[in-house]
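Heads up: the structure comes next, in structure tokens.
Residue numbers (this note's numbering): 217 to 650.
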């Protein structure tokens with residue numbers, strides 16, 4: 217049925233709304249329960265809502281609904297909660313994100329769990345399967361899997377252990393602040409990240425399930441990677457007018473020229489990657505996806521890049537792609553540190569990014585990389601004998617993704633990856649080698 221205006225207005229006021237100029241809406245009513253679905257911008261928004269006391273609420277924030285959901289009493293939903301987590305008696309929102317909502321849920325014995333509810337229907341989102349596999353394999357650097365909920369064939373919800381900790385990004389921002397202010401070294405966690413990531417990849421490399429078995433780089437795979445970047449180039453060109461400032465548009469044009477130039481240089485070298493192994497990796501490993509608790513590292517959010525199109529989250533990747541994402545994330549933390557110190561805008565902070573700070577970025581990234589290389593299994597290490605080529609390519613690829621993501625999500629950080637692309641072309645990124 218057609219969604220009435222009150223429903224549309226409710227969704228438009230949510231953090232996880234579609235960032236689209238136009239989309240199609242559809243609503244299905246079942247008593248007090250309403251399923252709303254919106255389609256646009258290559259995405260499908262889905263949210264069950266409830267009418268309570270003449271007002272709309274998210275259905276999962278109702279205790280009766282969430283218990284029915286967990287124990288398979290809601291039509292079209294399926295839960296694998298074989299581990300008895302008891303009756304849920306309290307629900308507390310933690311984060312309303314761009315694509316999901318995170319809750320603390322408590323059972324009758326006051327045991328606490330984390331509940332993640334997706335606000336997008338994505339057939340290629342297999343976060344629940346990855347977390348379940350890693351838990352069963354004995355990998356400890358993730359929140360422990362308890363159960364998941366699916367809506368038809370789509371991943372809808374995930375219940376895991378709660379990890380109390382700080383994002384790794386906080387450590388790197390503080391480290392950059394101390395470096396810039398010449399206050400001495402900040403406690404390093406790079407070694408732990410490198411070791412923990414290597415162990416993650418080691419376990420995923422051994423996976424033989426349908427979503428994670430090893431594949432091989434071919435000419436067709438290389439072409440799909442190139443198409444991915446070229447699609448993003450075209451998308452950025454088509455959305456230049458959506459950038460508010462002419463200065464940003466000028467930087468975007470320069471970044472696009474840089475992409476073209478680097479692709480022409482790196483394309484012939486990619487043939488050296490044919491025959492290399494592809495595997496399941498984290499897929500979106502920035503420093504806010506890593507929690508630090510009692511000096512232990514925990515990787516979270518295995519749903520992959522939100523705007524990976526035209527790529528698919530089910531695609532296997534080279535492990536170097538996770539390394540590239542971390543290196544790029546360290547670049548972000550340097551800019552955030554400059555903003556924190558000087559109270560400056562992103563653009564003004566980029567102007568303050570000098571060679572000394574870039575050297576801090578390089579050294580911080582190298583610490584992770586060195587420990588990673590020492591810890592990975594021999595099959596993965598042998599597969600990385602063209603690291604200069606593969607890491608350079610994935611740094612370029614990741615920066616193009618970041619540019620698209622930041623523009624769509626309207627974070628205000630789009631000039632950070634644009635600036636990085638220009639630096640790569642100018643030879644100012646030590647990891648980008650041609």
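Where a beta carbon is used, it is the ideal one built from N, C-alpha and C, also for glycine. Keep in mind that this is a model prediction, so the values were computed, not measured.
Residue i - containing alpha helix (DSSP H), residue span
{"i": "residue 322", "result": "Note, residue 322: premise wrong, no alpha helix (DSSP H); beta strand (DSSP E) at 316-323."}
{"i": "residue 387", "result": "384-396"}
Where the beta strand (DSSP E) containing residue i begins and where it ends
{"i": "residue 334", "result": "328-334"}
{"i": "residue 342", "result": "Careful: residue 342 lies outside any beta strand (DSSP E) and carries neither H nor E."}
{"i": "residue 361", "result": "361-367"}
{"i": "residue 373", "result": "370-376"}
{"i": "residue 265", "result": "259-268"}
{"i": "residue 240", "result": "240-246"}
{"i": "residue 249", "result": "249-256"}
With 16 other Cβ atoms within 10 Å as the buried cut-off, status of residue i
{"i": "residue 425", "result": "exposed"}
{"i": "residue 399", "result": "exposed"}
{"i": "residue 427", "result": "exposed"}
{"i": "residue 538", "result": "buried"}
{"i": "residue 217", "result": "exposed"}
{"i": "residue 562", "result": "buried"}
{"i": "residue 220", "result": "exposed"}
{"i": "residue 483", "result": "exposed"}
{"i": "residue 549", "result": "buried"}
{"i": "residue 558", "result": "exposed"}
Closest by C-alpha distance to residue i, when choosing among the options
{"i": "residue 521", "options": "621, 226 and 466", "result": "621"}
{"i": "residue 384", "options": "280, 332, 514 and 328", "result": "514"}
{"i": "residue 496", "options": "510, 429 and 467", "result": "429"}
{"i": "residue 283", "options": "300, 267, 564 and 262", "result": "300"}
{"i": "residue 434", "options": "470, 418 and 491", "result": "491"}
{"i": "residue 254", "options": "392, 226, 302 and 323", "result": "226"}
{"i": "residue 478", "options": "324, 549 and 638", "result": "638"}
{"i": "residue 302", "options": "370, 643 and 363", "result": "363"}
{"i": "residue 280", "options": "310, 248 and 257", "result": "248"}
Cβ separation of residue i and residue j, assumed to be a contact under 8 angstroms, to the nearest whole Å
{"i": "residue 508", "j": "residue 588", "result": "The Cβ separation is near 17 angstroms, so there is no contact."}
{"i": "residue 337", "j": "residue 376", "result": "Actually they are not in contact, since the Cβ atoms of residue 337 and residue 376 sit about 21 angstroms apart, beyond 8 angstroms."}
{"i": "residue 316", "j": "residue 335", "result": "6 angstroms"}
{"i": "residue 455", "j": "residue 623", "result": "6 angstroms"}
{"i": "residue 617", "j": "residue 448", "result": "7 angstroms"}
{"i": "residue 367", "j": "residue 292", "result": "6 angstroms"}
{"i": "residue 605", "j": "residue 488", "result": "6 angstroms"}
{"i": "residue 235", "j": "residue 626", "result": "7 angstroms"}
Close beta carbons around residue i, own chain, < 8 angstroms, minus the five adjacent residues each side
{"i": "residue 453", "result": "472"}
{"i": "residue 511", "result": "405 and 408"}
{"i": "residue 445", "result": "475, 479, 612, 613 and 616"}
Residues near residue i by beta carbon distance below 7 angstroms, same chain, minus five either side
{"i": "residue 407", "result": "583 and 587"}
{"i": "residue 553", "result": "389, 392, 393 and 396"}
{"i": "residue 543", "result": "581, 611 and 647"}
Beta-carbon proximity list for residue i, same chain, < 6 angstroms, skipping 5 on both sides
{"i": "residue 648", "result": "608, 611 and 640"}
{"i": "residue 378", "result": "328 and 330"}
Proximity test, residue i beta-carbon vs the ligand SAM heavy atom, cut-off 7 angstroms
{"i": "residue 541", "result": "The ligand SAM is not part of the structure shown, which contains no ligands of any sort."}
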